[in-house]
Amino acid sequence: MKHFLIFLLLLICSQLLLSQDRILVTPFNDAIPINEGESAVNKIVQSNNQPSSIQSLECNNSQRYGYSKVDYPSNIHLMAWHKDVMAMWFVAPATGYIDTLFWYGVFIGTVDSSIEITLFKSNIGPNSGPGVNYPSACSDWGYFPNSNDPDQGVAPYPGEATGAWISTVESPYVSFPPFGSVLPGEYFQAKNLRAKHKSGLSSFALSSYCGKVYVTEGDSFFIAMRVPGYYHVSDPPTSWNTSSEYPSHRTWKFYEHATPSCTPTSVKGWKAREFGVFNWMFSMVSAVNAPPVIGNITDAGNKLTTTPQSITAELLDCDFEFPEEAAIDSVLINWELNGVPQNDILMSHSTGDIYNGEIPGDMQAGSKVEYKIWSNDTKGLSSQSAWRQYQTGKYKNQWYTLTPNAPLNEKNISATGTEIFATEFFNPQQPTSPPADDGTAGPFDLGGPFVFNGDTVRYAWIGVNGALALTNEASDIQHVNKAGLYTGLWRIPNGLHHDGTGELNDNEGIPKNFIAPLWNDFLLNDGVTQFGKIIHQQGYEGDPCYYIVEWDSIGIYTDFGGQSSFTTFRVVLNKCTGDIEFQYKNTDASTVAGIVNATSLIGIEKDSSGINPGDWLFANKNGTPNETQPLNSTAIVFVHDHSSLNTITVSKMIDADGNIVTATDRTPKSWYLEIRQDAIDGPIIASGNSESISVNGIPNGNYFVVEADSSDWLPVGYLIDDIPYTSENRYASFSLTGDSVTVAFINVPPAYAQQYRTATQEQWATAVDQKDKLKAIKRKADKVRVQFLLVAPANATAVKIKFGMLFTGSVWDAKNMTAYLDTINNLKEYTLTHSLPARDTILVNGWGAKGKPIKVKVEWQTSPKVTKQDIVSYLKNTPGLPKPNLHNVGEELFPNKYFPTSYFSSSSPLLVGKPQGEKGARSVVHYKYQDVQKSLNKKGQLHTTTPGCLDNFDTNGKPIDKQQKSLPPDKHNNKLLAELIALKLNIAASITGKFPNGLGQLTYSDPDDPAFILNGFTIDQIIPKADSVLGCLNVSVGGTPLIAVDLFKAIRKIDTAFSDIPNFKDTISFGAGTRLTGVKRLIDIPYLHATPGAVPVTEWIPQTEGLTISQYAMKAENYPNPFNPITNISFEVPFEAFVSLKVYNVLGQEIQILLNNETMDEGEYEVEFDAHNLPSGIYYYRIVSQPIDGENGEQITSAVRKMLLLK
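Positions in the sequence shown are counted from 1; adding 5 to them yields our numbering.
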């Protein structure tokens, strides 16, 4: 669907008592006199096909106003369906009567090709309606109810209403009916007059049907045209030509059915549309004064300079009642500079009907000037012309320098390029223009990144009409048209960019990153004839730098339809240099192709998210400036500033030892990498899954290189041009000014993200309980987690809360959890003084200071008396255990009455040193954790002296000639002994899962001491060496003796690496066995490293001696046993307790948790164990009962039982 370059014209006829004169008037209150007896229809057609030229105007039958086709173009078709109404208001320019209506139509959807016409007095005008103390168009307005309408129950006109006007304008506004009464004719009212509607110009003689319809100068009146229909039918639409160049509340449409149209809501009734005016006209006969007629005006044309611009206008004033009183009072140039209104310029009378004025030239290059002529006669009538515009030249911005009329070095791809067939073009959903007429094809890969006005792009969207758009993403769809149609209204700079929807409510803007070598109304295929071809190609004659698009002998749309031409031109993008070249093979003005020479737009403009344009360069529009015309066998080149081009290469490396400084252990890894511009979330200019990616030819600026996130691989930093930078970020940023930079992300394996825990010999030796005794923390609840809601029973001024124990917590508004009310700090009673309406709810959250459920009472300060309540329902009321200490871990590593399954035992004790001889000299064996405590701490004395072997007792100097069950520091003070005991406890805790697994499999290698004798050994390998040295044996590594001092240095650093305070803040489990979280990541310890291929040791043979528990053993059994695959475990809880029930395999690995610290009353219970996913074999289950308060002497009870699964 092509736009129609036609005027929106009105016809006014005037009849003098002595001589009659008919005048043609536009909807803009412009007038064109019509000769007596001349057809108004022919006059309109002549006006639309005659070029603008200065001509003499006279007040006689031969005079007319001359308008060029570009003054008031029709660029929209507004459509209607059955019972919809189109309407537009006018202001009568003179007093007289209307005799004929004229309008331009497009589609005819009704069966009989007719419409119904009515003329009303208007309640809407220049000073009332939308935009005047009401929301601007597009806006819902209202309707009349109509109980006689069987379809929607609505009416557009007051005469059809069965009720009062209903406003639909947004709150708080209330609208009013747009219409007054129907205009009367001499014989009948001008109401529901049936007229033929056709494509092109239609007319209707009012005087032949209802007689003369009189109007008075200055009155506002509506012309309404309704699509007839009585019941809802699916006829095709009926449409009218519409121009968008006038205030937005002139055109109105009545929607018989609720439709969102240009507003987000679906509302039926009248809407003030955002378009300008319909192409509607009327003729009238007048015998009085008429407003000045503005004839031809100087079309300034675009300029290369900023010198002042002379403007000449032809004006005529006619008074048909008193011709001798006709006179022009003033003529002004109303103008704007880059969209900013300027002071009016008074034009001076020259000769005859000619007036002259001058627009100043004090402006920047690239400025846009818009101007129109405003004229008043001596009797106060005025008229104004359409806007005209020109702009001054701009040949350079920060990225490019424009070179016109460059020699043509053709890169012809007519024989080698890939043709884009007519079927590949597409258009938005809204328009009806065929895609091969005004459509777009794409996306097409440029073959690499291209820098356009500082932005990096990769894909082209190619339009039929001689332009393309560039985007960075293939999914960023562009329509190289205006809502699916060609438009001659675009300029560069345009500023606004369309949003890509292509809908009619999309803005007026151009597509993103617009490149227009020759934007015009071209045609590829009209459904019958193929007009040339459009082709594209990556590379040229083996050079991959180029991307070329060529329009080869493309057709052009004229008033006579599609015409063949020899017009051939192309765009050449050089990805390596950033240059853009427009090549013109044939735009000869002597042929049909020559039409494009004088009517095209040429230039480039960067994407912009706001109303201001991005970087741009304007070359030519409509053949001006003359110096930049697209002449045959010439080129226009946009030369990129090559000094601002840069190169980035980014790669991904895996570092085996976790040390960013060492380079020999790095290997490349394929990874998803990105290079972004301006910000970490800025435009992606290069990306890919590869070991490395590169981009070159990019402009100066700020850049971010980004690696994909991973929960496993851990970033330790990056290299920029081989210089290491430590960082845990997955990006790096830098500024470039003509540089070439390489970036390598350094990652370490997932094992380095693992957190571990250790403790030193001092921490194992000095851990204390709540009473500061060197004992384990008792598994007895010492607090209660509390949370409950309070709902006001009536309006209250305060509420008193009695906790029954000391309580610490906070009070919140339960309906708004961001509304913090107060803090409670260690109180048994608390009063909240706060206005609390009935049913208002507050939340109390915190901890009670005793290890048993809390009992809360509440008193509401209500009227007339206090309301008392007991809280019986709690969100949380759970007693909690204290945090454990290292002694809890140590005790669980040895057999005891609560945890009989252990790592150490009488058959596998904690041994340090190397037993020698029959008596096991120079070694210490610990069968119980109490033995360990004796070795580490003797009444506050710790091991502090120089590390050595277990040679002699300190007290008497005698040799340690037999195995010791403990070796306190007062008998033999030896830091290596104590630290090795601590390390073995740490390893045992890691293997059993009390500390995180895998500690023993880490490799020791100290970067601060690269020659250290134990570098390269795992912790598991260091321990036996330490035992040997502690046993006074000679040990060497690579021929170098290993001494106790070196062993102590390494073991001390290992025990310190992941150490925490001896009373822990974070635990995973305590009630059913102590399990602690990690403290530090492996990557945070520079001298410990993941061992390639090593698997953390988690398998251990549980020591189950003491399965016959003391008097505190629980009753437990399972039936059946053996079983397949389900057995029921029954047990007795002797008192209210926290109960845990877990299943283990023969290696001591936890298989399944059946109960986890569940609160249970005294009684007998049964729990089902389903082993259908487990293999046959022996399994153990362990049940532990932890008293809630222990006030009556209750103690922990537990039981371990064996069961056999047979499948």
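Where a beta carbon is used, it is the ideal one built from N, C-alpha and C, also for glycine.
Check, Outcome
"Same chain, Cβ closer than 6 Å to Lys999, five either side skipped, listed in chain order", "Val894, Thr1079, Arg1080"
"Euclidean distance between Cα positions of Phe449 and Phe426", "13 Å"
"Beta-carbon proximity list for Ile1213, same chain, < 7 Å, skipping 5 on both sides", "This structure leaves residue 1213 out entirely; the chain is present only between 6 and 1212."
"Inter-residue spacing [alpha-carbon to alpha-carbon] between Ile1156 and Val1148", "5 Å"
"At least three beta-carbon pairs within less than 8 Å, the stretch 628 to 645 to the stretch 544 to 560", "no"
"Through-space distance from Asn499 to Val282, alpha-carbon basis", "23 Å"
"Same chain, Cβ closer than 7 Å to Met368, five either side skipped, listed in chain order", "Thr311, Leu342, Thr397"
"Option in Ser912, Asn651, Ala1016, Met289 with minimal Cα separation from Thr742", "Asn651"
"Contacting residues, own chain, Cβ-Cβ under 7 Å from Gly722 (five flanking each side not counted)", "Ile665, Pro729, Tyr730, Thr731, Ser732, Ile751"
"Val789 and Asn882 closer than 8 Å at C-beta", "yes"
"Inter-residue Cα distance where the pair is Glu923 and Asp1032", "18 Å"
"The stretch 472 to 484 contacting the stretch 513 to 524, beta-carbon criterion three pairs below 8 Å", "yes"
"Of the listed residues Asn734, Leu1152, Gly234, Gln568, nearest to Ser119 (C-alpha basis)", "Gly234"
"C-alpha gap between Gly706 and Ser695, whole angstroms", "25 Å"
"Option nearest Glu478 by Cα separation, candidates Ala1176, Ala691, Gly134, Thr997", "Ala691"
"Within 8 Å, strictly: CB atoms of Tyr1092 and Asp966", "no"
"Beta-carbon proximity check, Gly962 vs Gly1036, cutoff 8 Å", "no"
"Every unbroken beta strand (DSSP E) inside the stretch 680 to 718 [3 residues or more]", "689 to 695, 697 to 703, 706 to 712"
"Boundaries of the alpha helix (DSSP H) in which Ala229 is found, first to last residue", "Careful: Ala229 lies outside any alpha helix (DSSP H), inside the beta strand (DSSP E) at 225 to 231."
"Touching by the beta-carbon criterion (3+ pairs, under 8 Å), the stretch 122 to 130 and the stretch 215 to 225", "yes"
"Where Tyr757 sits in the DSSP three-state scheme", "helix"
"Environment of Arg844 [buried if 16+ CB atoms lie within 10 Å]", "exposed"
"Rounded distance between the beta-carbons of Ile1024 and Leu1047, thought under 8 Å", "Not quite, the Cβ-Cβ distance comes to about 15 Å (not below 8 Å), so this is no contact."
"Residues bridged to His541 (per DSSP)", "Thr423, Val554"
"Validate contact between the stretch 1128 to 1141 and the stretch 970 to 982 using beta carbons, cut 8 Å, 3 pairs", "no"
"Leu5 - containing alpha helix (DSSP H), residue span", "Because the chain is modelled from 6 through 1212, residue 5 falls outside the range shown and cannot be assessed."
"Asp670 versus Gly459: straight-line alpha-carbon distance, rounded", "39 Å"
"Touch test, the stretch 845 to 857 against the stretch 802 to 821, Cβ-Cβ under 8 Å, three pairs minimum", "yes"
"Alpha-carbon spacing of Arg1206 relative to Lys855, whole angstroms", "34 Å"
"Contact check, Thr867 vs Asn800, beta carbons under 8 Å", "yes"
"Residue burial classification, Val1050 (beta-carbon count within 10 angstroms, cutoff 16)", "exposed"
"Cβ separation of Phe536 and Gly567, assumed to be a contact under 8 Å, to the nearest whole Å", "6 Å"
"Proximity of Pro1130 and Asp1175 at Cβ, strictly below 8 Å", "yes"
"6 Å Cβ shell around Asn901 - same chain, five flanking residues per side excluded", "none"
"Cβ distance (whole Å) where Leu562 is taken to contact Asp526 below 8 Å", "The amino acid at residue 562 is misidentified as Leu; the sequence shows Tyr. Between Asp526 and Tyr562 the Cβ distance is about 4 Å, and since that is below 8 Å, they are a contact."
"CA nearest to the CA of Ser380, picked from Pro920, Lys308, Ala295", "Ala295"
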